[in-house]
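In order, the protein sequences belong to chains A and B.
Numbering follows numbering that gives the first Met the number 0, in which position 139 of the first sequence is assigned residue number 138; successive positions increment by one, without gaps.
Numbering follows numbering that gives the first Met the number 0, in which position 28 of the second sequence is assigned residue number 27; successive positions increment by one, without gaps.
2 protein chains.
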Amino acid sequence: MSLKHAILGFLEFGPKSGYDLKRIFDRSVSNFWPAQHSQIYGTLARLEAEGLATMNIVPQTGKPDRKVYTITDAGRRAVHDWLLQEIPSIAPRSASQIQTFFLGLLSEPEILEVLRRRAKCLEEGIEELVERVPGPDDEAAKRSGRCAELDFYTYLTLDFGIERARFVLRWVNDLIEKVERGDPKRGGLAVFESRSEETKKANAP
Amino acid sequence: MSLKHAILGFLEFGPKSGYDLKRIFDRSVSNFWPAQHSQIYGTLARLEAEGLATMNIVPQTGKPDRKVYTITDAGRRAVHDWLLQEIPSIAPRSASQIQTFFLGLLSEPEILEVLRRRAKCLEEGIEELVERVPGPDDEAAKRSGRCAELDFYTYLTLDFGIERARFVLRWVNDLIEKVERGDPKRGGLAVFESRSEETKKANAP
DNA sequence: CCGGCCATGTAACAGGTTACATGATTGT
DNA sequence: ACAATCATGTAACCTGTTACATGGCCGG
């Protein structure tokens, strides 16, 4: 239920419309919590129904009306409770890990191809992330509508993303070296034991 | 679509039933790709419908019949294609990161409470993971139905899980120190600019 | 004239979680 | 007597993705 709480988190800084929120998500947390506008609008309606936010329509001339949402006390309590919640720091699902697990089914050149591509993607990703961190006196960032002085926790999450990507890149490069040295001795996966005889026979030869 | 391919990956090592697969998932990849039996059975039916596996019923005495699935050539091709696919190495969503982003809404003691709890969870998680890695001559593991000689890529994913958790733990501990030193200067999130006047006013004071 | 910004939504679909449901056998 | 193992499924639900839909205004 993180989208709900992230929206409430942003509403703590002032009333916003769905459109506002979409832009804010894209400019701040889209890195580790992307959100489509379709989802935002739906969630906002639910927040209002649950009494965590109130809505009022702001008519505009020449532009469509805005529906501006304001957080309520109940909403503030909900954010607070969520922030104190224990959330696992490691995601339970990793598509690249499950791919890695089965890499042994490929030939060595194919494995190296996959891993080198991975490394390249990571390098590019890191570059992109680094570009988003404005220096202490970043005029370009100021002009482009971004901001030179980042909030401590905003900077933190950006930094974490970069350092984590670097960590993964190091690991992938180590793995490439291992594969190049011929470390992976091919052998069946060892997860298949203590099964009925028919299946054992089917797995063995 | 990773569950589908993970199942096919396991089927490459021999025909298996849904029940078999559930146990295999729990003992091997549940760490980074958990699967419920409800999902496995459904997916198996779909694999058959798509011609990626064939099913035959194995009657048993005293036990329910087994539906044993065998991978087809089309299935093998599907796994192969999937393994060559480019999969992002960093998950796009991280619940703990989005929580971190809003930590500034809490008081300092609360922030430290959250972070220290996180560190504790990570330490416990690391211990659990380490216990699962059998040493080179691990009799206990052999007796308990696990296996002492791990396949290269099986070991790899386990190792990655541990190293990544250690990396995150180090990062959390660094953050705790920063917070204790009083580094986080409180200031509004800086993501709210270039907005219509009404909203600006609402955010500013 | 066309594309982009403003601003809102709906609907279909895919993937995963939780709970409900059945029923025989085996071990404590 | 009770719980666990074996073995299969269904159904409701939640979250997120993708595509479809509308419509005025402004700049190149």
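Yeah, the Cβ is synthetic: ideal placement off N, Cα and C, and Gly gets one too.
Source: prediction; values computed, not measured.
query	result
Residues bridged to A:TYR68 (per DSSP)	A:LYS15, A:MET54
Cβ-based contacts, 9 Å cut-off: residues of the segment 159-173 of chain A near chain B	PHE159, GLY160, GLU162, ARG163, ALA164, PHE166, VAL167, LEU168, TRP170, VAL171
Within chain B, partners of A:PRO108 - CB distance below 9 Å	Ordered by position in chain B, no residue passes the 9 Å Cβ test against A:PRO108, which lies about 11 Å from the chain.
Within 7 Å, strictly: CB atoms of B:PHE100 and A:VAL132	no
Residue environment, B:LYS199, which counts as buried when at least 16 other CB atoms sit within 10 Å	Any reading at B:LYS199 needs caution, since the residue's pLDDT is 44, under 50, leaving its predicted position unreliable; the model's value is listed next. With fewer than 16 Cβ atoms within 10 Å of its Cβ, B:LYS199 is classed as exposed.
Coil, strand or helix - B:ASP150 by DSSP	coil
Neighbourhood of A:GLY144 by C-beta distance below 6 Å, restricted to the same chain and skipping five residues each side	Note on A:GLY144: pLDDT 41, under 50, position unreliable in the model; no value is reported.
Residue-level contact to chain A via CB, B:ALA90, 7 Å cutoff	yes
Residue range of the alpha helix (DSSP H) that includes B:LEU121	107-131
C-alpha distance - A:ILE125 paired with A:ARG165, whole-angstrom precision	7 Å
Within 7 Å, strictly: CB atoms of B:ILE110 and B:VAL57	no
Cα-Cα separation, B:LEU105 to A:LEU82	8 Å
Beta-carbon proximity list for A:THR53, same chain, < 8 Å, skipping 5 on both sides	GLU47, TYR68, THR69, THR71
With 16 other Cβ atoms within 10 Å as the buried cut-off, status of B:ALA94	buried
B:PRO33, buried or exposed, once every other Cβ within 10 Å from all chains shown has been counted against 16	exposed
As assigned by DSSP and simplified to three states, the class of A:GLY160	helix
Assumed close pair B:GLY50, A:ASP150 - CB separation to whole angstroms, cut-off 8 Å	Going by Cβ atoms, the distance from B:GLY50 to A:ASP150 rounds to 53 Å, so no, they are not a contact pair.
For A:GLU49, three-class secondary structure by DSSP	coil
Residue-level contact to chain A via CB, B:GLN98, 7 Å cutoff	yes
Best match in B:ASN30, B:LEU157, B:LYS66, B:ARG117 for proximity to B:ASP173 [C-alpha to C-alpha]	B:ARG117
B:ARG26 versus A:PRO87 - alpha carbon distance	20 Å
Buried or exposed by the 16-neighbour rule on C-beta atoms within 10 Å, applied to B:GLU138	Note that B:GLU138 scores 49 on pLDDT, short of 50, meaning its location in the model is unreliable; the coordinates nonetheless yield the value given after this. That one is exposed.
Local conformation of A:LYS141 per DSSP, three classes	Residue confidence for A:LYS141 is low, a pLDDT of 45 falling below 50, so the modelled location carries little weight; the figure read from the coordinates is stated next. In this structure, A:LYS141 counts as helix in the three-state DSSP scheme.
Coil, strand or helix - A:SER1 by DSSP	helix
Classification of A:ARG142 by the beta-carbon crowding that lies within 10 angstroms, buried from 16 upward	Any reading at A:ARG142 must be qualified, since the residue scores a pLDDT of 42, below 50, and its modelled position is unreliable; the value itself is stated next. A:ARG142 comes out exposed.
Collapsed DSSP secondary structure at B:LYS21 in the structure displayed	helix
Within chain A, partners of B:LEU114 - CB distance below 9 Å	Per Cβ cutoff of 9 Å: no residues; B:LEU114 is ~10 Å from chain A at best.
Minimum C-alpha distance to A:GLU127 - residue among A:LEU114, A:ILE161, A:GLN96, A:THR156	A:ILE161
Under 8 Å from the C-beta of B:GLY103: neighbouring residues of chain A	ASP150, PHE151, TYR152
B:THR60 - containing alpha helix (DSSP H), residue span	Premise fails: B:THR60 is in no alpha helix (DSSP H) and is neither H nor E.
Per-residue DSSP class, three states only, for B:ASN172	helix
Contacts that A:LYS3 makes with chain B (C-beta to C-beta distance below 7 Å)	Here the premise fails: no neighbours, minimum Cβ distance about 11 Å.
is_contact[B:LEU7, chain A] using C-beta, thresh 7 Å	no
Residue-level contact to chain B via CB, A:VAL28, 7 Å cutoff	yes
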